[in-house]
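Participant: Each residue of the sequence shown is one higher than the one before, counting from 1 in full-length UniProt numbering.
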Amino acid sequence: MSAMAAGAGAQTGSVYYVCPGNIFTNTISAKEAETKGCKAREAQQPTSVPAPKPRPASTGTAAPSSAPRPADSRIDSSEQKARDTDARRILEAELRKEEEKLEALRREYNNGEPERKGEERNSQKYADRVAEMKAAIQRKEADLAAIRREMGKLGQ
Numbered sequence: 001m002s003a004m005a006a007g008a009g010a011q012t013g014s015v016y017y018v019c020p021g022n023i024f025t026n027t028i029s030a031k032e033a034e035t036k037g038c039k040a041r042e043a044q045q046p047t048s049v050p051a052p053k054p055r056p057a058s059t060g061t062a063a064p065s066s067a068p069r070p071a072d073s074r075i076d077s078s079e080q081k082a083r084d085t086d087a088r089r090i091l092e093a094e095l096r097k098e099e100e101k102l103e104a105l106r107r108e109y110n111n112g113e114p115e116r117k118g119e120e121r122n123s124q125k126y127a128d129r130v131a132e133m134k135a136a137i138q139r140k141e142a143d144l145a146a147i148r149r150e151m152g153k154l155g156q
């Protein structure tokens, strides 16, 4: 009688079979499953998790952060100017430091012909060092461009 129940379950899709060789199927009959040595299993319904409830819409324009700012926490314009000035000063110092490093790299690079070191008798070692120097210069130039973009965002 359980074979008939399993056959009826297979038609509704609530029973599947685990056959030798780790084969899972619900397309065979109970008789076929029995001859192949498959075991009937009860299919479980998938678990569903409810979606989070939407937050109520706030009035006015939404702040870019996830939590809206209260009106009393806004930054005073003079304080914002002071922050911008500090940021600009920091970026200018960083820019000077990076420009000095770039200049040192260019001097050492010597237009693609740096002085050979003692262990660079092998021309491949020399070529590798020259390529590394060129890549370092390109990275430093990209860093400087990024700092200049940041300074441009600050205005003034």
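Note that beta-carbon positions come from the ideal geometry of N, C-alpha and C, so glycine has one too.
My assumption, with CB atoms under 8 Å, is that leucine 154 sits in contact with arginine 88. Please give the rounded CB distance.
Facilitator: Stepping through the sequence shown from its first residue, residue 154 is reached at position 154. Stepping through the sequence shown from its first residue, residue 88 is reached at position 88. Rounded, the Cβ-Cβ distance is 5 Å, consistent with contact.
Participant: Whose C-beta lies closer than 8 Å to the C-beta of glycine 152 among residues of the same chain, with five residues either side of it excluded?
Facilitator: What you label residue 152 is simply residue 152 of the sequence shown in a count that begins at 1. Nothing meets the Cβ criterion.
Participant: Of all the CB atoms in chain B, is at least one closer than 8 Å to the CB of serine 14?
Facilitator: Note that chain B does not occur in the displayed structure, where there is just one protein chain.
Participant: Using 8 Å for Cβ pairs, my map puts methionine 133 next to glutamate 99. What's the rounded Cβ distance?
Facilitator: Indexing the sequence shown from 1 puts residue 133 at position 133. Indexing the sequence shown from 1 puts residue 99 at position 99. So it is not a contact: roughly 17 Å between Cβ atoms.
Participant: What residue does the beta strand (DSSP E) around isoleucine 23 start on, and which one ends it?
Facilitator: Taking the first residue of the sequence shown as 1, we reach residue 23 at position 23. Unbroken beta strand (DSSP E) run through isoleucine 23: 23-25.
Participant: When you compare only the Cα positions, how much space is there between methionine 4 and tyrosine 17?
Facilitator: Here the question's residue 4 lines up with position 4 in the sequence shown. Here the question's residue 17 lines up with position 17 in the sequence shown. Note that methionine 4 has pLDDT 44, beneath the 50 cutoff, so the model's placement of it is unreliable and no number is given.
Participant: Using a 10 Å radius around the Cβ and a threshold of 16 neighbouring Cβ atoms, would you call alanine 43 buried or exposed?
Facilitator: Residue numbering aside, residue 43 sits at position 43 when the sequence shown is read from its first letter. Its Cβ having fewer than 16 others within 10 Å, alanine 43 is exposed.
Participant: What does DSSP give as the partner residues of glutamate 42 in its beta bridges?
Facilitator: In the sequence shown, the residue the question calls residue 42 occupies position 42. Beta-bridge pairing links glutamate 42 to Val15.
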